[in-house]
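Notes to accompany the following structure.
There are 2 protein chains.
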Amino acid sequence: MIPKDHPRYRSLVARERLARCAREGIVAPEGLAAHGRGEAFDYLIGERTTESAALAERTAAAMLLAARHAVISVNGNTAALAAAEIAALQRASGADAEVNLFHRTEERIERITRLLTEHGVRVLTGTPERIVPLSHDRALCLPQGIGDADVVLVPLEDGDRCAALREMGKTVITVDLNPLSRTARTATLTIVDEVTRAIPAITAACSTLEAGEAERLVASLDNTYLLRAAIDEMRERLAHALE
Amino acid sequence: MIPKDHPRYRSLVARERLARCAREGIVAPEGLAAHGRGEAFDYLIGERTTESAALAERTAAAMLLAARHAVISVNGNTAALAAAEIAALQRASGADAEVNLFHRTEERIERITRLLTEHGVRVLTGTPERIVPLSHDRALCLPQGIGDADVVLVPLEDGDRCAALREMGKTVITVDLNPLSRTARTATLTIVDEVTRAIPAITAACSTLEAGEAERLVASLDNTYLLRAAIDEMRERLAHALE
């Protein structure tokens, strides 16, 4: 058991949960390595929501609420870490949720769908089709889900799929702790924050945003500024790391 | 298959090998997450051996060669990534090799020992005793191995054990891509480099070092300088990341 007053309690609990979900087949081994990469960058922003990330989260809420059809794309890591948080965001935003995996097997889709459903997420079901312009199973999504969406929230996405969704003309919101990743640089809006902090922040903003603010946030979105702000945080923390 | 001309070929091959070894029980799930953290920091030093890391590697060779009894402590990740490289370092330096695991089970010890032996490593065997001042199984090591060593090379070590070995008066050389980690800051000498680049570099230095240079390197060791140099590399790379 990790003591609750441990300075890195949340981070260590997340790591344990992910390792457990890997043993249960919900998280792929590659998902554990990806989580580790995220941890390193999270450490560099101080394991907290920075000011620029908070701005990105309010902007994400504005985009989800303004969407014709918003879909949250959920992978194994996101389900393992934030199933209850996704359910709350779905209630606040009205977005659909679709399970979409890089390491796709029917068994993993079923396990993740069950986990999400147990936490109160309404998960889209149906027959996936090859819609996204990618090779192999990464092309698969639901025609009435991501296929129809104008806005897709894809936490912890792979770079190829993020680029392909953008090429399809979709607005892509991602949550990615690495501001240098291809996903971070390709998405319409990148939230450089840890997923269990980011999702509740978007949910909270959904109910506090005023109409005027929402329009202003979307109109003034500058993703390069958001990435630059995250990088500056990391540089600053590195500068003082040995003090 | 990852194409050999992919700019991140080595990194992607290492990730695949580790995921495979996780499925075989050689690498613990927590080891995959730890590898991911390393990947993030490796990305920030440009996935290459920096000048300061090369200096650290030559210094490590000098320390191994000057030791009364040098032991290489090998965990699951190191075995999965660098079994052949450990064998070559053992031949060049005369060091012993001992398997020492954070997530210790007899089965994992056996699998890792077998993997190392297949790659030509002579692995110390015997009955471990509680020698390192730590709780649980992390106290275990071989009395004729790490217990007797004056110099221990521990790639990818956990912070508690690194500190405990230092408190026992041992010289600890670590390979850790995170210059901010407790291990990096507690070790006598920290090599901020990826393990499959670091180990062959130490091996090469073992046969090219001249006696005078070896003494100079050990006498002028300044680990804070080495950590600071790695951090400066990362800051510099972050500064130009979006160009």
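Sequence lines, in order, name chains F and L. All the letters of the first sequence, read from the start, carry residue numbers 1 to 243 under the working numbering. All the letters of the second sequence, read from the start, carry residue numbers 1001 to 1243 under the working numbering. Glycine is no exception: its CB is placed at the ideal position from the N, C-alpha and C atoms.
Exercise. Where does Asp1042(L) land, buried or exposed, given buried means 16+ other C-beta within 10 angstroms?
Worked result: Looking up residue 1042(L) in the second sequence gives position 42. Around the Cβ of Asp1042(L), a 10 Å sphere holds 16 or more other Cβ atoms; the residue is buried.
Exercise. Taking three-plus beta-carbon pairs below 8 Å as touching, is the region 1077–1092 of chain L in contact with the region 1228–1235 of chain L?
Worked result: For the pair of segments examined, the region 1077–1092 of chain L was found not to touch the region 1228–1235 of chain L: the number of CB pairs separated by less than 8 Å stays below three.
Problem set entry | Euclidean distance between Cα positions of Ser1073(L) and Glu1210(L) | Within the second sequence, residue 1073(L) is the residue found at index 73, counting from 1. Within the second sequence, residue 1210(L) is the residue found at index 210, counting from 1. Rounded to the nearest angstrom, the two C-alpha atoms are 26 Å apart.
Problem set entry | Same chain, Cβ closer than 8 Å to Leu1238(L), five either side skipped, listed in chain order | Counting from one through the second sequence, the residue named residue 1238(L) turns up at place 238. Leu1044, listed in sequence order.
Exercise. So what does DSSP say about Pro1133(L), is it helix, strand or coil?
Worked result: Working through the second sequence from its first residue, we reach residue 1133(L) at position 133. DSSP, read as helix, strand or coil, puts Pro1133(L) in coil.
For this session: Please report the Cβ distance between Ile173(F) and Ile112(F), rounded to the nearest whole angstrom; I am assuming they are in contact, meaning their Cβ atoms lie under 8 Å.
Result: As a working note, residue 173(F) is residue 173 in the first sequence. As a working note, residue 112(F) is residue 112 in the first sequence. With 8 Å as the limit, Ile173(F) and Ile112(F) do not qualify as a contact, their Cβ atoms being about 20 Å apart.
Exercise. Between Phe102(F) and chain L, is there a C-beta pair that is closer than 8 Å?
Worked result: Start at 1 with the first residue of the first sequence, and residue 102(F) comes out as number 102. Not a single C-beta of chain L is nearer than 8 Å to the C-beta of Phe102(F).
For this session: Entirely within the region 47–100 of chain F and at least 3 residues each: give me those beta strand (DSSP E) ranges in chain order.
Result: Fully enclosed beta strand (DSSP E) runs of no fewer than 3 residues occupy 70–74 and 96–99 of the region 47–100 of chain F, in order along the chain.
Exercise. Got a sec? Which residues, its chain only, sit under 8 Å from Thr1196(L) by beta carbon, not counting five neighbours each side?
Worked result: Translated into the one-based positions of the second sequence, residue 1196(L) becomes position 196. Closer than 8 Å at the Cβ level, and outside the excluded window around Thr1196(L), lie Arg1010, Ala1014, Leu1081, Ala1082 and Glu1085.
Exercise. For the beta strand (DSSP E) that Leu1153(L) lies in, which residues bound it at each end?
Worked result: Taking the second sequence and counting its residues from 1, one reaches residue 1153(L) at position 153. DSSP places Leu1153(L) in the uninterrupted beta strand (DSSP E) bounded by Val1151 to Pro1155.
Problem set entry | Secondary structure of Leu1221(L), DSSP reduced to three states | The sequence position of residue 1221(L) within the second sequence is 221, counting from 1. Here DSSP, grouped into helix, strand and coil, assigns Leu1221(L) to coil.
For this session: Please compile the residues from chain L whose C-beta is within a distance smaller than 9 Å of the C-beta of Ile231(F).
Result: To locate residue 231(F), count along the first sequence from 1; it is residue 231. By Cβ distance, chain L contributes Leu1238, Ala1239, Ala1241 and Leu1242.
For this session: Since I believe Thr190(F) is in contact with Leu217(F) (beta carbons under 8 Å), could you give me their beta-carbon distance rounded to a whole number of angstroms?
Result: The sequence position of residue 217(F) within the first sequence is 217, counting from 1. The sequence position of residue 190(F) within the first sequence is 190, counting from 1. Not confirmed; about 15 Å, so no contact.
Exercise. At which residues does the beta strand (DSSP E) containing Ile173(F) begin and terminate?
Worked result: Locating residue 173(F) in the first sequence gives position 173, counting from the first residue. Thr171 to Val175 is the extent of the beta strand (DSSP E) around Ile173(F).
Problem set entry | Within 8 Å, strictly: CB atoms of Val1071(L) and Ile1146(L) | Here residue 1071(L) refers to the residue found at position 71 when the second sequence is read from its first residue. Here residue 1146(L) refers to the residue found at position 146 when the second sequence is read from its first residue. Yes. Within cutoff.
Problem set entry | the region 147–156 of chain F in contact with the region 52–59 of chain F per 3-pair CB rule at 8 Å | Counting C-beta pairs closer than 8 Å gives fewer than three between the region 147–156 of chain F and the region 52–59 of chain F, which falls short of the contact rule.
Problem set entry | Contact check, Thr203(F) vs Ala92(F), beta carbons under 8 Å | Residue numbering aside, residue 203(F) sits at position 203 when the first sequence is read from its first letter. Residue numbering aside, residue 92(F) sits at position 92 when the first sequence is read from its first letter. Yes.
For this session: Please list the partners that Ala1034(L) has in chain F, where partner means a Cβ-to-Cβ separation under 8 Å.
Result: The sequence position of residue 1034(L) within the second sequence is 34, counting from 1. Going along chain F in sequence order, the residues near Ala1034(L) (Cβ under 8 Å) are Gly36.
Exercise. Going by DSSP, what residues sit across from Ile1146(L) in a beta bridge?
Worked result: Counting from one through the second sequence, the residue named residue 1146(L) turns up at place 146. Answer is none; Ile1146(L) lacks a bridge partner.
Exercise. Of all Cβ atoms in chain L, is any one closer than 8 Å to the Cβ of Asn75(F)?
Worked result: As a position in the first sequence, residue 75(F) is number 75, starting the count at 1. Asn75(F) does not count as touching chain L.
Exercise. What separation, rounded to the nearest whole angstrom, lies between the Cα atoms of Gly1031(L) and Gly1076(L)?
Worked result: Within the second sequence, numbered from 1, the residue matching residue 1031(L) stands at position 31. Within the second sequence, numbered from 1, the residue matching residue 1076(L) stands at position 76. Each residue's Cα considered, the two are about 7 Å apart.
For this session: For Thr186(F), I'd like the list of residues in its chain whose CB is within less than 8 Å of its CB, leaving aside the five on either flank, ordered along the chain.
Result: Within the first sequence, numbered from 1, the residue matching residue 186(F) stands at position 186. Contacts found: Gly159, Cys162, Ala163, Arg166 and Val172.
For this session: Excluding the 5 residues preceding and the 5 following Ser1207(L) in the sequence, name in chain order all residues of the same chain whose CB lies nearer than 8 Å to its CB.
Result: The count along the second sequence starts at 1 and reaches residue 1207(L) at position 207. Same-chain partners within the cutoff: Ala1092.
Problem set entry | Neighbouring residues, chain F, relative to Thr1186(L) (Cβ below 7 Å) | The residue labelled residue 1186(L) in the question sits at position 186 within the second sequence. Under the 7 Å cutoff, chain F gives no residues; its nearest Cβ is about 13 Å from Thr1186(L).
For this session: Give the residues from the region 1169–1181 of chain L that approach chain F closer than 8 Å (Cβ to any Cβ), ordered along the chain.
Result: Going along the region 1169–1181 of chain L in chain order, one finds Asn1178, Pro1179 and Leu1180 with a Cβ nearer than 8 Å to chain F.
Problem set entry | Per-residue contacts from Pro29(F) into chain L (C-beta, under 7 Å) | As a position in the first sequence, residue 29(F) is number 29, starting the count at 1. Using a Cβ-Cβ cut-off of 7 Å, Pro29(F) is close to Ala1019, Ala1022, Arg1023 and Leu1032 of chain L, given in chain order.
Problem set entry | Ile1045(L), DSSP secondary structure in three states | As a first step, residue 1045(L) is located in the second sequence; it is residue number 45 there, counting from the start. In the structure shown, Ile1045(L) sits in coil (DSSP, three-state: anything other than H, G, I, E or B).
Exercise. Hey, Pro29(F) and Ala40(F): beta-carbon distance below 8 Å or not?
Worked result: As a first step, residue 29(F) must be located in the first sequence, where it is residue number 29. As a first step, residue 40(F) must be located in the first sequence, where it is residue number 40. Contact flag unset, no.
Exercise. Whose C-beta lies closer than 7 Å to the C-beta of Asp1148(L) among residues of the same chain, with five residues either side of it excluded?
Worked result: Taking the first residue of the second sequence as 1, we reach residue 1148(L) at position 148. For Asp1148(L), where only same-chain residues beyond five positions count, the Cβ hits under 7 Å are His1069.
Exercise. Looking at the unbroken beta strand (DSSP E) that takes in Ile191(F), where does it start and where does it end?
Worked result: The count along the first sequence starts at 1 and reaches residue 191(F) at position 191. First-last of the beta strand (DSSP E) with Ile191(F): Leu189 to Ile191.
For this session: Determine the DSSP secondary structure at Val121(F), reduced to helix, strand or coil.
Result: In the first sequence, the residue the question calls residue 121(F) occupies position 121. Here DSSP, grouped into helix, strand and coil, assigns Val121(F) to coil.
Problem set entry | Local Cβ density within 10 Å of Ser220(F), reported as buried at 16 or more and exposed below that | Translated into the one-based positions of the first sequence, residue 220(F) becomes position 220. Classification for Ser220(F): exposed.
Exercise. Does the beta carbon of Glu39(F) sit closer than 8 Å to a beta carbon anywhere in chain L?
Worked result: Within the first sequence, numbered from 1, the residue matching residue 39(F) stands at position 39. Chain L places a beta carbon closer than 8 Å to that of Glu39(F), counting this residue as a contact.
Problem set entry | Anticipated Cβ contact below 8 Å, Leu1124(L) with Leu1142(L), distance rounded | Reading the second sequence from its first residue, position 124 is the one you call residue 1124(L). Reading the second sequence from its first residue, position 142 is the one you call residue 1142(L). 5 Å between Cβ atoms; contact.
For this session: Give the residues from the region 195–210 of chain F that approach chain L closer than 9 Å (Cβ to any Cβ), ordered along the chain.
Result: So the list is empty, because no residue satisfies the distance condition.
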